[in-house]
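Novice: Residue numbering for the sequence shown follows my numbering, starting at 35 and increasing by one per position.
Cβ coordinates follow ideal geometry from the N, Cα and C atoms, glycine included.
Please find one structure pasted underneath; my questions will follow.
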Amino acid sequence: MNLPDVITHYYSRSDRPFQNLSDLKPEELAGTLEKLNQRRADNPNYKRVFGKRYMDFRRKTEMRLRSLFEARGGKPERQSPHYFVLGECAWFSGLYPDPETVTLDWRSLPKEALSFTYPDSFVSMRFGPDYGLRADPREPYHERVFFMDELADVVAEHGLPDGNPDDAYEGYHTRRFEKYIEVQVWTDDPVARFLDDDLQAISAPK
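Given below as structure tokens:
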């Protein structure tokens, strides 16, 4: 199987790329989440869901993700990663009415600052049942963080998710979810030209 040699970051054209909610100061976070939820209420074509416990769920996921990465010899330069998907994903593109992308060739990135989970890390790290989400059967790739040189073996064993969009996105976070392979970039260097110190704008994670 020919594997994609690029990774893709999806975002809304009305935002900037790589505006990570986990980077926001506590006093900025509540207002940003309120804006994101209001935007979705005003325009249902924005399909991302940010519930009241979303950030707690996210922080636990990122802590486990980082811990597993470090335990395997990874060298993260950030507390939380920049999020990409392997190749392209029509499902992720469909989360926004005006999707934009940034693509990188993952083969050119430093191994020690790059990881992936199968599928999305929120699913793989398995904190969902603590937050009222369905408890899917545990798979061999759950609660594991992989290096990119393991990609071919993982895909050979478990397949490549198709990434097809849903007919209806409503409630996507409550259903079994294996739409893509998530790639985590643990350094700012490859995306430095896109970053901005001003995090006041509406920001959408991943």
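(1) What is the C-beta distance between L102 and V179, in whole angstroms, given that I count them as a contact (C-beta under 8 Å)?
(2) For S114 and M35, I'd like the C-alpha separation in whole angstroms.
(3) Since D139 is in the beta strand (DSSP E), which residue starts that stretch and which ends it?
(4) Our contact map puts V136 next to F126 with C-beta atoms below 8 Å; I'd like the distance itself, whole angstroms only.
(5) Is DSSP giving V40 helix, strand or coil here?
(6) So, at 6 Å on beta carbons, what are the nonlocal neighbours of E212 in its own chain, with the 5 sequence-adjacent residues on each side left out?
(7) Give the straight-line distance between the Cα atoms of L58 and F84, rounded to the nearest whole angstrom.
(8) Along the beta strand (DSSP E) that carries S149, what are the first and last residues, could you check?
(9) Which residues in the same chain have their Cβ closer than 8 Å to the Cβ of R98, if we skip the five residues on either side of it in sequence?
(10) Identify, in the order they occur along the chain, each residue of the same chain with its Cβ nearer than 6 Å to the Cβ of V40, setting aside the five sequence neighbours on each side.
(11) Classify S155: buried if its beta carbon has 16 or more other beta carbons within 10 angstroms, exposed otherwise.
(12) Which of the three DSSP states is assigned to S46 in this structure?
(13) So is W220 buried or exposed if we call it buried at 16+ other beta carbons inside 10 Å?
(14) Under the rule that 16 or more other beta-carbon atoms within 10 Å means buried, what is N198, buried or exposed?
(15) Measuring CA to CA, which of T42, P60 and E61 is closest to F52?
(16) If we call anything under 7 Å between Cβ atoms a contact, is S46 one with D132?
(17) Can you check the stretch 59 to 130 for any alpha helix (DSSP H) of at least 4 residues that lies completely inside it and give the ranges in chain order?
(18) Alpha carbon to alpha carbon, how far is L185 from P174? Give it in angstroms, no decimals.
(19) Under the three-state reduction of DSSP, which class applies to E216: helix, strand or coil?
(20) Can you list, in chain order, the residues of its chain with a C-beta nearer than 7 Å to that of V188? Leave out the 5 residues immediately preceding and following it.
(21) Look at the alpha carbon of G128 and the alpha carbon of Y203, and state the distance between them as a whole number of angstroms.
Specialist: On the basis of the coordinates in this document:
(1) 4 Å
(2) Straight across, the Cα-Cα distance linking S114 with M35 is about 31 Å.
(3) D139 -> beta strand (DSSP E) spans P133 to D139.
(4) Actually they are not in contact, since the Cβ atoms of V136 and F126 sit about 13 Å apart, beyond 8 Å.
(5) strand
(6) Within the same chain, and ignoring the five residues on either side of E212 in sequence, the residues whose Cβ sits closer than 6 Å to its Cβ are P153 and P195.
(7) 15 Å
(8) L148 to T151
(9) M159, F161 and E177
(10) T137 and D139
(11) buried
(12) strand
(13) W220 comes out buried.
(14) Exposed, because fewer than 16 other Cβ atoms sit within 10 Å of the Cβ of N198.
(15) When each option's Cα is compared against that of F52, the closest is T42.
(16) yes
(17) 60 to 76, 88 to 105 and 124 to 127
(18) One C-alpha to the other measures close to 15 Å.
(19) strand
(20) Excluding positions up to five away in sequence, the list reads Y152, Y175 and F180.
(21) Answer to the nearest angstrom: the Cα atoms are 9 Å apart.
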